[in-house]
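The structure appears right after this line, and notes come after that.
In my numbering, the protein residues as written are 350 to 485.
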């Protein structure tokens with residue numbers, strides 16, 4: 350059950366990705382001169398609120414799904430990890446994680462670690478959207 354949240358995030362991101370790639374293939378969208386978190390593509394003609402929404406949906410949900418999979422309490426990844434461990438270790442981990450203080454420590458560690466993950470994730474998404482292009 351703990352993987353349901355990240356799975357939902359990745360499903361939304363995948364849907365946005367398919368729409369973006371389809372729009373690029375059909376000529377509805379074009380590659381911008383420079384990309385940002387809210388501007389992965391641009392409309393070939395017209396207002397850009399649709400492309401902004403799709404860009405944000407894609408990036409935000411990739412980031413949220415990945416963040417929630419970090420194996421730190423209280424994030425979903427700690428419960429997923431507990432489900433993969435042998436029962437003896439899973440019980441010890443649940444007891445360790447149930448402390449309110451551990452939840453705070455987990456969030457603080459995740460807050461410090463996650464910025465190192467966002468740039469590679471963003472690059473990965475850009476390579477998936479534009480396999481033949483290079484953005485820095």
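Ideal Cβ placement from N, Cα and C applies to all residues, glycine included.
Taking C-beta to C-beta, are residue i and residue j nearer than 8 Å?
| i | j | result |
| --- | --- | --- |
| residue 459 | residue 418 | no |
| residue 368 | residue 403 | yes |
| residue 479 | residue 380 | yes |
| residue 352 | residue 411 | no |
Compute the Euclidean distance between the alpha carbons of residue i and residue j, then round it to the nearest angstrom.
| i | j | result |
| --- | --- | --- |
| residue 437 | residue 472 | 39 Å |
| residue 464 | residue 406 | 19 Å |
| residue 400 | residue 384 | 12 Å |
What does DSSP give as the partner residues of residue i in its beta bridges?
| i | result |
| --- | --- |
| residue 392 | 378 |
| residue 385 | 388 |
What residue from the options has the CA that sits closest to residue i's CA?
| i | options | result |
| --- | --- | --- |
| residue 392 | 373, 405, 363 | 373 |
| residue 359 | 440, 448, 409, 400 | 409 |
| residue 456 | 448, 433, 445, 423 | 423 |
| residue 376 | 386, 390, 363, 382 | 390 |
Taking the alpha helix (DSSP H) that residue i belongs to, which residues open and close that run?
| i | result |
| --- | --- |
| residue 473 | 464–478 |
| residue 398 | 398–417 |
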